[in-house]
Amino acid sequence: MGDFTPVSGFVGGLLIGLAGALMLLLTGRIAGISGILGGLVDPKAGDTGWRAAFAIGLPLGALAYVLVVGGPAPVDVLASPLAILAGGLLVGFGTRMGSGCTSGHGLCGLAFLSWRSVVATAVFFGVGMLTVFLTGHVF
Amino acid sequence: MAVLRIFAALGCGFVFGLGLAISGMMSPARVVGFLDVAGSWGPTLGFAMGGALLVAVPAYRVILGRGRPVLAGVVSPFPQERGSIRP
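Protein sequences appear in the order of chains Y and B. Here the first sequence is numbered in the working numbering, starting from 275 and rising by one per residue. Here the second sequence is numbered in the working numbering, starting from 6 and rising by one per residue.
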């Protein structure tokens with residue numbers, strides 16, 4: 275078995291869930307990152323401030339962790355820049371088409387007990403596993 | 006109230022990013038590790054997801070039950086409510 279840090283994974287997850295809950299409690303918005311960023315690409319008057327604030331807060335939170343823990347940021351990238359660009363385009367297209375990403379469907383949508391989000395989450399994890407299988411073990 | 010909402014979103018983004026970093030899921034290699042079921046599968050993402058839902062599922066129930074958000078007039082429609090598919 276590979277990567278297995280269940281305690282830090284779980285504690286980080288609790289914070290992610292807390293962030294999603296606070297977002298709904300305070301602003302009435304779901305913490306779907308693709309949707310929040312998408313609204314910045316296609317801006318509407320009076321609807322960009324909170325989006326930009328969330329988008330700024332997200333890397334600041336990660337930066338705070340890196341500063342407190344010290345050392346290089348725990349980010350390992352396996353793919354080539356071209357593959358990342360292609361993957362990013364597909365993620366952007368797919369999350370708009372499917373109305374959400376890992377955070378929007380996988381966290382907020384599941385928390386809302388939305389069947390559409392259950393389907394979306396099962397599909398993107400399933401296709402992700404298939405893609406990793408094909409690119410890592412077949413080709 | 007608009008300013009408070011912006012600070013709230015900043016704080017929520019911060020906590021979200023902190024959680025992502027603590028869980029290890031800001032590393033693409035670890036996300037791929039969860040998806041690599043035929044290789045050296047790493048289940049950590051599952052624990053992160055479980056922790057997040059453990060908080061979010063009951064919290065969403067309570068928050069949606071109380072009606073209006075603290076810093077906004079109404080809960081914004083969820084994406085699926087814009088379309089024809091409803092739960």
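Just so you know, even glycine gets a beta-carbon here, dropped at the ideal spot from N, CA and C.
Thinking C-alpha only, which one of the options is nearest residue i?
i: Y:P346; options: Y:R303, Y:S377, Y:L337; result: Y:L337
i: B:F52; options: Y:I290, Y:T405, Y:V412; result: Y:I290
i: Y:G309; options: Y:L296, Y:A295, Y:W324; result: Y:W324
i: B:Y9; options: Y:V392, Y:T301, Y:G410, Y:P348; result: A small fix is needed here, since residue 9 of chain B is Leu in this sequence, not Tyr. Checked all of Y:V392, Y:T301, Y:G410, Y:P348; the closest Cα to B:L9 is Y:T301.
i: B:G22; options: Y:I304, Y:G312, Y:I330; result: Y:I330
i: Y:V343; options: B:G72, B:W46, B:I27; result: B:I27
i: B:V36; options: Y:F399, Y:P333, Y:L408; result: Y:F399
i: Y:G410; options: B:L15, B:A34, B:I11, B:G72; result: B:A34
i: B:L15; options: Y:V285, Y:I307, Y:R390; result: Y:I307
i: Y:M297; options: Y:S391, Y:C382, Y:G361; result: Y:C382
i: B:P74; options: Y:P348, Y:L387, Y:Y339, Y:I304; result: Y:I304
i: Y:S377; options: B:A61, B:I11, B:S32; result: B:A61
i: B:T49; options: Y:V365, Y:T369, Y:V281, Y:L387; result: Y:V281
Is it buried or exposed for residue i, if we count other Cβ within 10 angstroms and need 16 for buried?
i: B:C17; result: buried
i: Y:I358; result: exposed
i: B:R66; result: exposed
i: Y:P355; result: exposed
i: Y:D277; result: buried
i: Y:L288; result: buried
i: Y:A293; result: buried
i: Y:G224; result: Residue numbering for chain Y in the displayed model covers 275 to 413; residue 224 of chain Y lies beyond these limits and cannot be assessed.
i: B:M54; result: buried
i: B:V79; result: exposed
i: B:A13; result: buried
i: B:L58; result: buried
i: Y:V397; result: exposed
i: Y:A385; result: buried
i: B:G24; result: buried
i: B:M30; result: buried
i: B:F39; result: buried
Hey, could you find the ends of the alpha helix (DSSP H) residue i is sitting in?
i: B:R71; result: From DSSP, B:R71 is part of no alpha helix (DSSP H); its letter is neither H nor E.
i: Y:S391; result: 389 to 407
i: Y:L359; result: 355 to 371
i: Y:L341; result: 323 to 343
i: B:A7; result: 7 to 28
i: Y:T376; result: Taken as a continuous stretch (DSSP letters only), Y:T376 belongs to no alpha helix (DSSP H), as it is neither H nor E.
i: Y:I304; result: Where Y:I304 is concerned, there is no enclosing alpha helix (DSSP H), given that its DSSP letter is neither H nor E.
i: B:L40; result: 33 to 40
> So does the segment 78 to 85 of chain B actually touch the segment 372 to 384 of chain Y, counting three or more Cβ pairs closer than 8 Å?
Replying inline: For the pair of segments examined, the segment 78 to 85 of chain B was found to touch the segment 372 to 384 of chain Y: the number of CB pairs separated by less than 8 Å reaches three.
>> To be precise: take each residue of the segment 292 to 317 of chain Y, compare its Cβ to all Cβ atoms of chain B, and keep it if any distance is under 9 Å. Which residues remain?
In response: Taking 9 Å as the Cβ-Cβ cut-off against chain B, the residues of the segment 292 to 317 of chain Y that qualify are L292, A293, G294, A295, L296, M297, L298, L299, L300, T301, G302, R303, I304, A305, G306, I307, G309, I310.
> Relative to chain B, which residues along the segment 353 to 369 of chain Y have a C-beta separation below 8 Å, given in chain order?
Replying inline: If you check each beta-carbon in the segment 353 to 369 of chain Y against every beta-carbon of chain B, the ones closer than 8 Å belong to A353.
>> Against chain B, which members of the segment 329 to 343 of chain Y pass a CB distance test of less than 9 Å?
In response: Of all residues in the segment 329 to 343 of chain Y, A329, I330, G331, L332, P333, L334, G335, A336, L337, A338, Y339, V340, V343 have a Cβ within less than 9 Å of some Cβ in chain B.
> What are the residues of the segment 380 to 394 of chain Y that lie near chain B, defined by any Cβ-Cβ distance shorter than 9 Å?
Replying inline: For the segment 380 to 394 of chain Y, the beta-carbon criterion of a distance under 9 Å to any beta-carbon of chain B is satisfied by G380, L381, C382, G383, L384, A385, F386, L387, S388, W389, R390, S391.
>> Quick check: the segment 314 to 322 of chain Y against the segment 43 to 57 of chain B, are at least 3 beta-carbon pairs closer than 8 Å?
In response: The segment 43 to 57 of chain B makes no contact with the segment 314 to 322 of chain Y: fewer than 3 CB pairs, one atom from each, lie closer than 8 Å.
>> Short of 9 Å Cβ to Cβ, which residues in the segment 27 to 45 of chain B face chain Y?
In response: Hits within the stretch, in order: I27, S28, G29, M30, M31, S32, P33, A34, R35, V36, V37, G38, F39, L40, D41, V42, A43, G44, S45.
>> Short of 9 Å Cβ to Cβ, which residues in the segment 47 to 70 of chain B face chain Y?
In response: Cβ proximity to chain Y below 9 Å picks out G47, P48, T49, L50, G51, F52, A53, M54, G55, G56, A57, L58, L59, V60, A61, V62, P63, A64, Y65, R66, V67, I68, L69 from the segment 47 to 70 of chain B.
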